[in-house]
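Protein chains in written order, with my numbering: chain A, 571 to 926; chain B, 571 to 926.
Each residue gets a CB set at the ideal place from its N, CA and C atoms; glycine is no exception.
These numbers were taken from a predicted model, which means no experiment stands behind them.
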């Protein structure tokens, strides 16, 4: 605390990310990283760019990367906005598109960074409860609002909405921006990106993606948003008033190669899906109740043990998962889908815990 | 323009960085990059980290890099704040430390991003004119203010202040933060970092550095601030409400190696200083009037030609420098110090221009 802080700083409750332990032997199932490495083509592209050209600033607009993303998704490069991880993209979205007179809406159980952004930028918000099965009830969002944001599938539940539900919401919500955070879309959720193609692109739909999950590049820090060119232009204005060069040369070159390697994405995502379904059955045998997930994580609880107890007991056994000490979900664990072997270690540890 | 933009977006006039031309044959003297490549140890460290661990998030706190910076400068790691380039550091500084009731102060001729940050975050400011020799008159800052910020040496003039002038200002300015942007300090300016060491560290002095200039890593995007731990804590709160992981794995590992390679910094900075002094004499022979510079650029004008004319004439000859079409300085060019050979090409081009 210091009298030199701007007044808003004293009111902030910063987001706390899942820990990045320095111990190598742990089974790390807490931050939804891919258990498989990134595309070898991405690694090669980075290696090829690790040379004296690093003395030069990167392309401030990232045009080649925008083009690669546009090509992949059937969009125009003017529909693409880039950021230093999707968290930075979201920060600019909150400041640039979601600060209006009316409060914005998001689920009561969702990505816990959203209320943090609101505090930072002085944005009013109202949370909309998930139903008892932890599903978003899309019709609950048909109220006056300054914007709507949620992940699809939602986090930390893993629960998806169909594209047609979001189309229905769009039809009823013409006066504010709807932001769909598709960080986890590649594990079995219908993407809304097709809605953005061509002349029928809605003026008020923005979709956010990251390369930190299915592209296995959390360590490189690249995210993007796609939407109507006018929304993108608003984000560019904020970005260019904040940092001209958010993406370095290695991030840009690595991301281009990763985006172009769809085969790697598909192979690794499929493996994660298969492991998820396998793990679900194993957890069911142990008595866990798990929310149906189309993400690379599951949200699960056990009637006989508290979430805190399970979290600590797993930790003692070298397995780190995520536990949120928050209303409604304090007895749940969010478990990242690792390799089959990592998930087997998790199941063994749980068997051991339930033996006690 | 879109009705979905937050109201502030419509008022923004984003910063325009110097262009990053894609043509390789140009002599690029417009964005103050080092003409020499980065430390080979930094390149090696990046190469060693380009592996499947990129699937994992980086250390959100960057503790190893903070320690390396603290070790170099004789500080505690709690006195170090990291950012995705010093532009991001400055953005957090404006939002977190410079937004108060009173307007902040900076020179009328200085880094043109400062008023852009003020617009983005709704900060009032007042500019303080440089004198006719383009020097900061430090006593002009002894007025009520919400904060003071300037680069030392100043940009785009290259003109330095002695440390004792800044100490004098500190003695008169106990109620707001003084931010010294030392982006160009390594080319012959006295750093204020020694003031931060030990128990006498002022509560209200913050110093910002970048690895984009003397460390030749503009393409990697790393900057930092050093100051009193309470100021750093305020910045961390803002950063952790904006983006948990601003520095990727490659940026952190490359920056550590670069910070530890002082020999490379000293050798390349000395070469730049020698070339600067050589170029100054050549420009003098051509009739240029140049502001005395301790930066890796010079600020110069010619009585017989307008700045715009010189800028365009050089551009036609494949040499890009920076020209600001702003009051008081529109007849000046800011020229980055390149290699001796690049500067000779510049001088030849100017000789050619004056032949016409």
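Report yes or no: is there a C-beta of chain B within less than 8 Å of the C-beta of residue 749 (chain A)?
By one-based count along the first chain, residue 749 (chain A) stands at place 179. It does not; no Cβ of chain B falls within 8 Å.
Which word fits residue 580 (chain A), buried or exposed, when buried means at least 16 other C-beta atoms lie within 10 angstroms of its C-beta?
In the first chain, residue 580 (chain A) corresponds to position 10, counting from 1. By the 10 Å Cβ count, residue 580 (chain A) comes out exposed.
Mind the definition here: the region 879–889 of chain B touches the region 820–840 of chain B only if three or more C-beta pairs lie below 8 Å; say whether that holds.
no
Which partner residues of residue 794 (chain B) appear in the DSSP bridge assignment?
Taking the second chain and counting its residues from 1, the one referred to as residue 794 (chain B) is at position 224. Paired residues: B:652 and B:779.
I'd like to know whether the C-beta of residue 616 (chain B) is nearer than 8 Å to at least one C-beta of chain A.
In the second chain, residue 616 (chain B) corresponds to position 46, counting from 1. So yes, residue 616 (chain B) belongs to the interface.
Under the three-state reduction of DSSP, which class applies to residue 871 (chain A): helix, strand or coil?
Translated into the one-based positions of the first chain, residue 871 (chain A) becomes position 301. Note: residue 871 (chain A) maps to strand in three-state DSSP.
Residue 662 (chain A) to residue 814 (chain B) span [Cα, whole Å]:
In the first chain, residue 662 (chain A) corresponds to position 92, counting from 1. In the second chain, residue 814 (chain B) corresponds to position 244, counting from 1. Cα-Cα distance, rounded: 14 Å.
Residue 721 (chain B) CB to nearest chain A CB: under 8 Å?
Within the second chain, residue 721 (chain B) is the residue found at index 151, counting from 1. By this cut-off, residue 721 (chain B) is not an interface position.
In angstroms, rounded to a whole number, what distance separates the CA positions of residue 906 (chain A) and residue 790 (chain B)?
On the first chain, residue 906 (chain A) is found 336 positions in, with the first residue counted as 1. On the second chain, residue 790 (chain B) is found 220 positions in, with the first residue counted as 1. In a straight line, the C-alpha of residue 906 (chain A) is about 30 Å away from that of residue 790 (chain B).
My guess is that residue 715 (chain A) and residue 674 (chain A) are in contact by the Cβ rule of under 8 Å, so how many angstroms apart are they, rounded?
Here residue 715 (chain A) is taken as the residue at index 145 of the first chain, counted from 1. Here residue 674 (chain A) is taken as the residue at index 104 of the first chain, counted from 1. 6 Å between Cβ atoms; contact.
Please list, in chain order, all residues of the same chain as residue 619 (chain B) whose beta carbon is under 7 Å from its beta carbon, the five residues on each side excluded.
Taking the first residue of the second chain as 1, we reach residue 619 (chain B) at position 49. Same-chain partners within the cutoff: 819, 820 and 823.
Taking any Cβ of chain B, which residues in the region 576–587 of chain A have a Cβ under 9 Å from it, in chain order?
576, 577, 578, 579, 580, 582, 583, 584, 585, 586 and 587
Buried or exposed: residue 918 (chain A), going by 16 or more other Cβ atoms within 10 Å of its Cβ?
Locating residue 918 (chain A) in the first chain gives position 348, counting from the first residue. The residue in question, residue 918 (chain A), is exposed, as its Cβ has fewer than 16 Cβ neighbours within 10 Å.
According to DSSP, is residue 675 (chain A) helix, strand or coil?
For this step, residue 675 (chain A) is matched to residue 105 along the first chain. DSSP places residue 675 (chain A) in strand when its eight states are reduced to three.
Meets three-Cβ-pair contact criterion under 8 Å: the region 787–804 of chain B and the region 611–628 of chain A:
yes
Would you call residue 744 (chain B) buried or exposed, if buried means 16 or more other Cβ atoms sit within 10 Å of its Cβ?
For the purposes of this step, residue 744 (chain B) is taken as the residue at position 174 of the second chain. It is exposed - the Cβ of residue 744 (chain B) has fewer than 16 other Cβ atoms within 10 Å.
Using 8 Å as the threshold, is the C-beta distance between residue 798 (chain A) and residue 772 (chain A) below it?
On the first chain, position 228 is the one that residue 798 (chain A) refers to. On the first chain, position 202 is the one that residue 772 (chain A) refers to. Going by C-beta atoms, residue 798 (chain A) is nearer than 8 Å to residue 772 (chain A).
Pick from A:826, A:892, A:578 and A:861 that is closest to residue 689 (chain A), judged by C-alpha positions
What you label residue 689 (chain A) is simply residue 119 of the first chain in a count that begins at 1. Per the Cα distances, A:578.
Give a yes or no on whether 8 Å exceeds the smallest Cβ distance from residue 756 (chain A) to chain B.
Indexing the first chain from 1 puts residue 756 (chain A) at position 186. No, no contact with chain B.
When Cβ atoms are compared, which residues of the region 807–825 of chain A fall closer than 7 Å to chain B?
807, 808, 810, 811, 812, 813, 814, 815, 816, 818, 819, 820 and 821
Considering Cα atoms alone, identify which of A:596, A:875, A:778 and A:700 is closest to residue 657 (chain A).
In the first chain, the residue the question calls residue 657 (chain A) occupies position 87. Cα-wise, what sits closest to residue 657 (chain A) is A:778.
Cβ-Cβ separation, residue 729 (chain B) to residue 591 (chain B) (assumed contact under 8 Å), whole Å
Walking along the second chain from the start, residue 591 (chain B) turns up at place 21. Walking along the second chain from the start, residue 729 (chain B) turns up at place 159. About 28 Å separates the two Cβ atoms, so there is no contact after all.
Where residue 713 (chain B) sits in the DSSP three-state scheme
Taking the second chain and counting its residues from 1, one reaches residue 713 (chain B) at position 143. Residue state, collapsed to three classes: coil.
Just the C-alpha distance for residue 883 (chain B) and residue 828 (chain B), rounded to the nearest angstrom, thanks.
As a position in the second chain, residue 883 (chain B) is number 313, starting the count at 1. As a position in the second chain, residue 828 (chain B) is number 258, starting the count at 1. So the two alpha carbons sit approximately 37 Å from each other.
Once DSSP output is grouped into helix, strand and coil, what is the label at residue 754 (chain B)?
Within the second chain, residue 754 (chain B) is the residue found at index 184, counting from 1. It is coil, neither helix nor strand.
May I ask which residues mark the beginning and end of the beta strand (DSSP E) holding residue 697 (chain B)?
For the purposes of this step, residue 697 (chain B) is identified with residue 127 of the second chain, where counting begins at 1. Run containing residue 697 (chain B): 695–698, per the beta strand (DSSP E) assignment.
Is residue 874 (chain B) buried or exposed, if buried means 16 or more other CB atoms sit within 10 Å of its CB?
Here the question's residue 874 (chain B) lines up with position 304 in the second chain. Classification of residue 874 (chain B): exposed, given that the 10 Å Cβ count is below 16.
Would you list the one or two residues that DSSP bridges to residue 887 (chain A)?
Here residue 887 (chain A) refers to the residue found at position 317 of the first chain. In DSSP, residue 887 (chain A) forms no bridge with anything.
If you drop the 5 nearest sequence neighbours on each side, which residues of the same chain put their C-beta closer than 6 Å to that of residue 784 (chain A)?
On the first chain, residue 784 (chain A) is found 214 positions in, with the first residue counted as 1. Excluding residues within five positions, the ones whose Cβ falls inside 6 Å are 756, 835 and 839.
Residue-level contact to chain A via CB, residue 937 (chain B), 8 Å cutoff
Coverage of chain B is limited to positions 571 through 926, which leaves residue 937 (chain B) absent and any answer about it impossible.
In whole angstroms, what is the alpha-carbon distance linking residue 899 (chain B) and residue 667 (chain B)?
The residue you call residue 899 (chain B) lines up with position 329 of the second chain. The residue you call residue 667 (chain B) lines up with position 97 of the second chain. Rounded to the nearest angstrom, the two C-alpha atoms are 30 Å apart.
Quick one: which chain B residues come within Cβ less than 9 Å of residue 753 (chain A)?
Along the first chain, read from residue 1 onward, the residue named residue 753 (chain A) stands at position 183. Residues of chain B passing the Cβ test: none, with the nearest at roughly 13 Å.
Give me the residue from B:660, B:622, B:683 and B:633 with the minimum Cα distance to residue 793 (chain B).
In the second chain, the residue the question calls residue 793 (chain B) occupies position 223. The shortest C-alpha separation from residue 793 (chain B) is found at B:660.
Environment of residue 847 (chain B) [buried if 16+ CB atoms lie within 10 Å]
To locate residue 847 (chain B), count along the second chain from 1; it is residue 277. With fewer than 16 other Cβ atoms within 10 Å, it is exposed.
Span of the alpha helix (DSSP H) around residue 759 (chain B):
Here residue 759 (chain B) refers to the residue found at position 189 when the second chain is read from its first residue. From DSSP, residue 759 (chain B) is part of no alpha helix (DSSP H); its letter is neither H nor E.
Let's see if you can read the secondary structure: which residues bound the beta strand (DSSP E) around residue 902 (chain A)?
The residue labelled residue 902 (chain A) in the question sits at position 332 within the first chain. Taken as a continuous stretch (DSSP letters only), the beta strand (DSSP E) holding residue 902 (chain A) covers 902–906.
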